[in-house]
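Here the structure comes first, spelled out in structure tokens, and everything after it is commentary.
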Amino acid sequence: MTHIQTDRNQKKDDPARLQELIRLAELREELKSMLKPSRFEHSLGVSYTAAALAMKYGENIGKAQLAGLLHDCAKNYDDETLIALCDEHGVVLSEEERNSPKVIHAIYGEYLLETRFQLRDADVLKAVRYHTTGRSGMSLLEKIVFTADFIEPTRKEFPGLREIRTLAFQDLDCCVAEILISTILYLRSRNAHIVSDTMDAYAYFSSLTGRRIHE
Ligand SMILES: [Fe+2]
Ligand SMILES: [Fe+2]
């Protein structure tokens, strides 16, 4: 047991981690002023869930907390305002993205991370950029934020969510495949356009795991 106690003391006095936690607390306050209360609670849920998944899969816990906390930082703007802000600040949107406004908060969110929050970590930026659509070959951190966004505690219950939550802590790639399947089926049921990043992600994770949509 002695070595565990030594590790504990080292963690407590780690100045880098302490700085990271202070910065997280500051960011939480700033984010609170940017989002409506339910969206802020969701963001906290994603942050804590991402931290738990990082512990399980050996990702950097601080990065997971940070990306989870800020992933929806641009969610308070309406669709037209988001497009106008992207145009104003030179954030390039494809034709497809312009026609799928629900994905734009993630793209403008990445821009806000770099500018307003002065964050430069490429992995954290990508995890925010792709948290809605997913993409082929997502990194571990991207998969963690993508999954945490779907399963966090305040997410409204629906059939299959319980199984996906369990799977998240058993096999992350299978869980990502199931989330993509659930998302695609939901979008299809509403006759909504499905962006190519999501279809590419589905092709990638279904071939990796063997989990696919049964037509
Ligand atoms: Fe989002
Ligand atoms: Fe979210």
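Going by the numbering used here, the sequence shown opens with residue 3, and the numbers climb by one from there.
Think of the CB as a built atom: it goes at the ideal place given N, C-alpha and C, for glycine as much as any other residue.
Ligand 1 heavy atom lying under 6 angstroms from the CB of D74: yes
Spatial neighbours of I196 within its chain, please: C-beta separation below 7 angstroms, excluding the five flanking residues on both sides. I186, L189
Evaluate K58 with the Cβ neighbour count: other Cβ atoms within 10 Å of its Cβ, from every protein chain shown; 16 or more gives buried, anything less gives exposed. exposed
Just the C-alpha distance for D123 and G47, rounded to the nearest angstrom, thanks. 22 angstroms
Is D175 near ligand 2, going by C-beta to nearest heavy atom under 6 angstroms? no
Assign S160 to one of two classes, buried (16 or more other C-beta atoms within 10 Å of its C-beta) or exposed (fewer than that). Checking the sequence shown, residue 160 turns out to be Phe, not Ser. Label assigned to F160: exposed.
Can you find a heavy atom of ligand 1 that lies under 6 angstroms from the Cβ of T117? no
Reducing DSSP to helix, strand and coil, say where H133 ends up. coil
What did DSSP end up calling Y79 once you bin it into helix, strand or coil? coil
Go ahead and label H133 buried or exposed: buried means 16 or more other beta carbons lie within 10 angstroms of its beta carbon, across all protein chains shown. buried
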